[in-house]
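Below you'll find the structure, written out as structure tokens, and then a few comments.
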DNA sequence: TATCATAGAACGAACGTTCGTTCTAGCGGA
DNA sequence: TCCGCTAGAACGAACGTTCGTTCTATGATA
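See the structure below:
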């Protein structure tokens with residue numbers, strides 16, 4: 042026996058997948074609704090049946106990806122015993138994402154969402170960033186890392202991996218990021234450990 | 042005595058200044074030629090007298106800012122005696138830029154130029170980035186910094202300041218970056234010094 | 001089982017708007 | 001007079017969106 046309407050939202054997901062590919066390749070404004078129709082194989086009328094307008098497709102994508110990232114961040118920060126282990130796990134997760142679903146990372150990290158989602162806050166004020174800041178404060182209080190401004194801590198730990206990720210999803214870096222994890226983390230931990 | 046025709050290109054510069062403000066606030070696609078006309082006070086006809094089209098305005102901006110950045114990078118890397126001093130000077134320069142001309146940095150670092158300047162290489166393959174990589178290799182050979190992949194070195198040194206800059210030009214960081222230079226650099230140099 | 005009724009998914013031509021660009025007329029200093 | 005420059009109306013293309021219609025699956029009725 043089948044699940045209740047397992048295919049009900051199949052076209053909806055098809056639209057989202059196609060849109061993510063297009064947005065990450067050509068950007069929001071460079072992607073027309075006709076492009077989405079061609080890439081997804083779903084007709085214009087059907088697209089507007091599932092989404093109110095173009096912006097709502099972008100919002101749906103953004104929210105879903107941010108939620109996923111937020112969950113993972115929260116997961117590692119609460120289950121790993123140390124700040125070090127949590128950060129390592131997070132960076133490994135991002136590095137793996139850069140290899141497996143580069144489109145998602147590109148859309149989430151690279152795009153200036155304020156250009157086409159003006160009512161959304163920039164990603165750095167979003168939940169994952171706040172979770173990190175709080176975890177950093179606790180790690181400083183516990184003496185695991187040196188004392189510094191929480192934002193400096195966060196940028197020191199994640200600034201360089203993020204830049205590596207952008208180089209990778211842009212196709213400038215030809216080797217998988219996982220090859221560089223140890224080296225990169227070695228630098229980061231020297232920088233902040235107590 | 043005045044320079045030769047100092048005012049000849051006054052409208053041209055007015056257009057570029059206005060466009061930079063608009064692009065950094067609303068993005069390339071969010072800015073119409075009518076917006077540029079209003080912001081610059083130069084008529085549509087005059088704008089098209091000085092520039093072939095919208096893309097050429099963006100290219101002129103991009104090239105000018107990149108050239109300026111390239112010059113500075115080259116200057117510090119060749120005149121400062123150590124890699125450490127050169128990097129410090131560069132980061133201080135960027136931090137100062139973030140305070141004084143945030144629009145320029147925002148346009149140069151944040152925008153996905155591939156969306157509207159498809160024939161331009163991403164900024165990370167541009168001259169300043171290459172200069173840094175080469176300087177990093179020399180510093181490793183000289184024993185000033187530890188051995189690692191040159192790209193890891195570059196992202197470790199500049200990844201975190203760049204992220205601080207983005208937080209600042211986005212208005213998330215409320216204090217001038219110069220306040221955080223010492224703290225940030227302390228982390229960076231721990232990370233990479235031999 | 002056969003027939004009809006209904007809902008809503010899918011369709012794509014057509015619409016109105018906005019955009020970048022072109023065009024033509026005219027201004028003003030040399 | 002000439003010419004660099006300015007002006008802004010007009011143009012055509014491309015865009016996001018709408019809308020009247022068709023298709024399809026399901027349920028009700030007899």
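Chains as they are written, first to last, in my numbering: chain A, 42 to 235; chain B, 42 to 235. Glycine included, C-beta positions come from ideal geometry on N, C-alpha and C. Note that the structure is predicted; figures quoted are calculated from it, not measured.
Residue i - DSSP class collapsed to helix/strand/coil
i                      : result
residue 40 of chain A  : Outside the shown range of chain A (42 to 235) lies residue 40 of chain A, about which nothing can therefore be said.
residue 73 of chain A  : coil
residue 234 of chain A : strand
residue 186 of chain A : strand
residue 160 of chain A : coil
residue 96 of chain A  : helix
residue 84 of chain B  : coil
residue 206 of chain B : helix
residue 220 of chain A : helix
residue 104 of chain A : helix
residue 68 of chain B  : coil
residue 47 of chain B  : At residue 47 of chain B, the pLDDT of 35 sits below 50, so the modelled position is not reliable; the number obtained from the coordinates is stated separately. Of the three classes helix, strand and coil, the one that applies to residue 47 of chain B here is coil, per DSSP.
residue 58 of chain A  : helix
residue 200 of chain A : helix
residue 133 of chain A : helix
residue 212 of chain A : coil
residue 127 of chain A : helix
residue 122 of chain B : coil
residue 195 of chain A : helix
residue 180 of chain A : helix
residue 114 of chain B : helix
residue 167 of chain A : coil
residue 145 of chain B : helix
residue 152 of chain B : coil
residue 53 of chain B  : helix
Exposure label - residue i; buried when at least 16 CB within 10 Å
i                      : result
residue 89 of chain B  : exposed
residue 124 of chain A : buried
residue 195 of chain B : buried
residue 156 of chain B : buried
residue 56 of chain B  : buried
residue 221 of chain B : buried
residue 184 of chain A : exposed
residue 202 of chain A : buried
residue 145 of chain B : buried
residue 82 of chain B  : exposed
residue 5 of chain A   : Residue numbering for chain A in the displayed model covers 42 to 235; residue 5 of chain A lies beyond these limits and cannot be assessed.
residue 105 of chain B : exposed
residue 72 of chain A  : buried
Reference residue i, options the options, closest by Cα
i                      : options                    : result
residue 109 of chain B : B:98, B:135, B:80, B:96    : B:135
residue 53 of chain B  : B:162, B:97, B:161, B:211  : B:97
residue 230 of chain A : A:127, A:113, A:69         : A:127
residue 132 of chain B : B:95, B:79, B:226          : B:226
residue 22 of chain B  : B:199, B:103, B:197        : Residue 22 of chain B lies beyond the range of chain B shown here (42 to 235); nothing can be said about it.
residue 234 of chain A : A:192, A:188, A:141        : A:188
residue 180 of chain B : B:99, B:122, B:76          : B:122
residue 215 of chain B : B:161, B:101, B:140        : B:140
residue 80 of chain B  : B:59, B:208, B:95, B:69    : B:59
residue 193 of chain A : B:191, B:177, B:219        : B:219
residue 212 of chain A : A:143, A:200, A:182        : A:143
residue 198 of chain A : A:209, A:208, A:217, A:174 : A:174
residue 61 of chain A  : A:85, A:209, A:112, A:152  : A:152
residue 217 of chain B : B:85, B:150, B:71, B:138   : B:138
residue 23 of chain B  : B:206, B:114, B:65, B:92   : Nothing in the structure corresponds to residue 23 of chain B, since chain B is present only between 42 and 235.
residue 207 of chain B : B:149, B:111, B:84         : B:149
residue 100 of chain B : B:129, B:82, B:65, B:161   : B:161
residue 65 of chain B  : B:171, B:210, B:95         : B:210
residue 91 of chain B  : B:158, B:182, B:51, B:167  : B:51
residue 94 of chain B  : B:116, B:130, B:158        : B:158
residue 167 of chain A : A:67, A:112, A:74          : A:112
residue 77 of chain A  : A:68, A:70, A:63           : A:63
residue 170 of chain A : B:186, B:204, B:170        : B:204
residue 70 of chain A  : A:116, A:200, A:130, A:154 : A:154
Beta-carbon separation (whole angstroms), residue i vs residue j, contact threshold 8 Å
i                      : j                      : result
residue 223 of chain A : residue 190 of chain B : Not a contact, Cβ separation roughly 11 Å.
residue 118 of chain B : residue 172 of chain B : 6 Å
residue 228 of chain A : residue 232 of chain B : 4 Å
residue 200 of chain B : residue 200 of chain A : 4 Å
Near the ligand NAP: residue i beta-carbon under 8 Å from a heavy atom
i                     : result
residue 98 of chain A : The model depicted lacks the ligand NAP and carries no ligand whatsoever.
To be precise: take each residue of the region 193-207 of chain B, compare its Cβ to all Cβ atoms of chain A, and keep it if any distance is under 7 Å. Which residues remain? 193, 196, 197, 200, 201, 203, 204, 205
Q.
Tell me which residues of the region 81-103 of chain A have at least one Cβ-Cβ distance to chain B shorter than 9 Å, keeping chain order.
A. none
Along the region 214-225 of chain B, where does the CB come closer than 8 Å to a CB of chain A? Name the residues. 214, 221, 224, 225
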